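The structure appears right after this line, and notes come after that.
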Amino acid sequence: MAGATLMRKIGTAIKEAATGSRISSGWYDPHMAAASRAVAERIPLADFVLEVRDARVPMSSEYEIMKNYPPSSKRIIVLNKADLADRSQTEVWTRYFEDHNCISYGVNSHNKENIREFLNFLQARVRELKKSGHSSHATTMMLVGIPNVGKSALANSLHQIGRISAAEKGKLKHTIVSSQPGETKNISSLKIASHPNIYVLDTPGIFPPKIHNIEVCSKLALTGAIRDILVGEHVIVQYLLTIVNSSDKYKKWANLSATDSSLECSNSNLEKQKRRYPSDHTQDIIVNGVRRILFETISSFDGNLEDEKDMGILIETQLHALHKALHVPMDLCNDASIKVASKLLNLYRTGRLGCYTLDSLPPVKT
Numbered sequence: 391m392a393g394a395t396l397m398r399k400i401g402t403a404i405k406e407a408a409t410g411s412r413i414s415s416g417w418y419d420p421h422m423a424a425a426s427r428a429v430a431e432r433i434p435l436a437d438f439v440l441e442v443r444d445a446r447v448p449m450s451s452e453y454e455i456m457k458n459y460p461p462s463s464k465r466i467i468v469l470n471k472a473d474l475a476d477r478s479q480t481e482v483w484t485r486y487f488e489d490h491n492c493i494s495y496g497v498n499s500h501n502k503e504n505i506r507e508f509l510n511f512l513q514a515r516v517r518e519l520k521k522s523g524h525s526s527h528a529t530t531m532m533l534v535g536i537p538n539v540g541k542s543a544l545a546n547s548l549h550q551i552g553r554i555s556a557a558e559k560g561k562l563k564h565t566i567v568s569s570q571p572g573e574t575k576n577i578s579s580l581k582i583a584s585h586p587n588i589y590v591l592d593t594p595g596i597f598p599p600k601i602h603n604i605e606v607c608s609k610l611a612l613t614g615a616i617r618d619i620l621v622g623e624h625v626i627v628q629y630l631l632t633i634v635n636s637s638d639k640y641k642k643w644a645n646l647s648a649t650d651s652s653l654e655c656s657n658s659n660l661e662k663q664k665r666r667y668p669s670d671h672t673q674d675i676i677v678n679g680v681r682r683i684l685f686e687t688i689s690s691f692d693g694n695l696e697d698e699k700d701m702g703i704l705i706e707t708q709l710h711a712l713h714k715a716l717h718v719p720m721d722l723c724n725d726a727s728i729k730v731a732s733k734l735l736n737l738y739r740t741g742r743l744g745c746y747t748l749d750s751l752p753p754v755k756t
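The sequence shown begins at 391 in this note's numbering and counts up one residue at a time.
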């Protein structure tokens with residue numbers, strides 16, 4: 391397997407962090423241990439538990455604490471960031487969870503219509519609960535999950551849509567959202583519906599004290615659940631390129647001609663292009679430049695992509711070629727490599743290099 395060495399590097403770095411040698415970097419510190427106990431105590435008290443996972447890694451982002459609870463009508467697996475995952479694979483995973491008696495729902499916490507549909511789904515679940523004899527006036531839904539799967543963004547979106555639907559006025563309360571894992575420190579409550587009242591409890595992201603599976607470690611590092619500083623962006627981006635190079639998604643970029651003059655435009659034209667397409671990132675010429683280089687380097691490579699040495703040669707060629715496309719001067723020495731890695735990871739994590747689902751379904755037991 392071409393990425394085996396990279397996965398070992400990532401897994402080793404994370405294991406070192408988990409054993410305390412780099413605990414200041416944000417692994418399972420005393421705060422996370424205390425939060426884990428607090429969440430575990432409150433789970434039985436919640437009317438519903440929404441286990442938020444990253445749709446790109448539906449199994450690798452499983453919440454360790456929930457393994458202690460059997461499937462239930464009051465437990466819902468929320469596959470967040472569905473817009474960043476392969477849509478057909480999300481559907482496959484949804485069916486897989488249903489086949490194992492787990493309720494699941496794919497969601498994009500930044501899409502208002504999707505959130506409105508999800509809120510309607512949750513309200514329907516609450517109505518069913520009321521019919522079964524649940525007499526409490528208010529219903530609580532607890533959001534749980536590992537760091538950086540989008541719990542806070544989901545809580546804020548549900549609160550905002552619910553508040554608008556209920557025509558409630560007043561200052562909008564919200565919870566902190568960050569691209570960095572581990573920013574939520576306390577359990578907070580947000581109202582998402584009225585008549586009956588429904589509240590979501592946003593909780594800190596929690597990892598188990600140790601993750602033994604190096605492949606899971608690698609996937610969580612790539613999707614941003616684990617802080618980049620624990621592993622190193624250069625190693626993570628090599629793992630990313632191993633995945634991109636091994637997929638056929640790059641073939642969609644064949645129409646990005648190497649002679650397209652718009653890819654060589656000045657900084658002023660770049661700013662005009664960004665203003666013209668403020669929300670359509672696929673029109674960003676930097677993104678197109680990166681896609682073009684990846685397509686050309688992969689399609690023209692005559693080595694064996696299943697061979698780790700050959701894959702390494704291709705990756706180094708790509709990283710060198712990407713300096714120009716990402717507007718990173720070569721004379722920055724080591725800083726240049728770090729900036730290229732950081733920018734490329736950002737493009738992947740925002741979906742601009744395509745939608746990848748990294749987990750495969752578990753093998754069928756015979």
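Cβ atoms here follow ideal geometry from the backbone N, Cα and C, with glycine treated the same way.
Note that the structure is a prediction, hence the values are computed from the model and not measured.
Inter-residue CB distance, residue i and residue j (contact presumed, cutoff 8 Å)
i: S450; j: K609; result: 5 Å
i: V516; j: N470; result: No, V516 and N470 are not in contact; Cβ-Cβ is about 20 Å, not under 8 Å.
i: L533; j: V442; result: 6 Å
i: L544; j: S499; result: 4 Å
i: Y629; j: G393; result: 6 Å
i: P461; j: C492; result: 5 Å
Own chain partners of residue i with C-beta closer than 7 Å, once the 5 adjacent residues on each side are dropped
i: N635; result: I688, L695, M701 and L704
i: S652; result: With a pLDDT of only 44 at S652, under 50, the local geometry of the prediction cannot be trusted, and no value is derived from it.
i: R446; result: K471, L474, A475, T613, Y746, T747 and L748
i: G741; result: D473 and L474
i: E605; result: M397
i: C607; result: I400, G401, I404 and I601
i: T707; result: T687
Sequence-distant residues of its chain with Cβ nearer than 6 Å to residue i (five each side left out)
i: R465; result: V439
i: V621; result: I400, A403 and A611
i: N657; result: Its pLDDT being 47, under 50, N657 is placed unreliably by the model, and the measurement read from it follows with that caveat. Result list for N657: empty, nothing under 6 Å.
i: F691; result: L704
i: M456; result: E441
i: G693; result: D700
i: R739; result: G614
i: S426; result: I596
First and last residue of the uninterrupted beta strand (DSSP E) at residue i
i: M531; result: A528 to V534
i: L512; result: Premise fails: L512 lies in the alpha helix (DSSP H), K502 to K521, not in any beta strand (DSSP E).
i: N587; result: N587 to D592
Which listed residue (the options) has its alpha carbon closest to that of residue i
i: K541; options: K520, G523 and S579; result: S579
i: I467; options: K600, F511 and V606; result: F511
i: Q513; options: P537, Y486 and L548; result: L548
i: N504; options: G693, Q550 and A407; result: Q550
i: K521; options: F508, Q628 and P586; result: P586
i: E507; options: G552, E481 and L474; result: G552
i: K581; options: R742, L509, C492 and D638; result: L509
i: A472; options: R485, P752, E452 and D444; result: D444
i: S463; options: W483, H490 and P448; result: H490
i: K729; options: L716, E698 and S426; result: L716
i: I616; options: H421, G595 and I633; result: G595
i: L751; options: T484, I604 and A528; result: T484
i: A528; options: E706, L591 and D618; result: L591
i: N736; options: I626, K502 and N645; result: I626
i: V429; options: Q708, S727, I536 and I554; result: I536
i: N678; options: S727, K502, A423 and Y640; result: Y640
i: A436; options: T530, H421, P448 and P460; result: T530
Chain-order list of residues whose beta-carbon lies under 8 Å from that of residue i (same chain, five-residue window excluded)
i: R477; result: C745
i: E488; result: S494
i: K642; result: G744
i: T632; result: A392, G393, L396, M701 and I705
Host alpha helix (DSSP H) of residue i (start-end)
i: A428; result: P420 to R432
i: A583; result: Unbroken run through A583 is the beta strand (DSSP E), S578 to A583; no alpha helix (DSSP H).
i: G679; result: I675 to S689
i: S331; result: For residue 331 there is no data in the structure shown, the boundaries of the chain being 391 and 756.
i: I596; result: First-last for I596: undefined, no H or E at that position.
i: N635; result: E623 to S636
i: A611; result: I604 to T613
Distance cut-off 7 Å: residue i Cβ against heavy atoms of the ligand ADP
i: K699; result: The ligand ADP is absent from the structure shown, which contains no ligands of any kind.
| message | Extract the residue ranges of the beta strand (DSSP E) inside the segment 693–741, only unbroken runs of 3 or more that lie entirely within it. | response | With a minimum length of 3 residues, no continuous beta strand (DSSP E) run stays inside the segment 693–741.
| message | Which complete beta strand (DSSP E) runs does the segment 436–477 hold, if anything under 3 residues is left out? | response | Counting only runs of 3 or more residues that sit fully inside the segment 436–477, the beta strand (DSSP E) segments are 438–444 and 465–470, in chain order.
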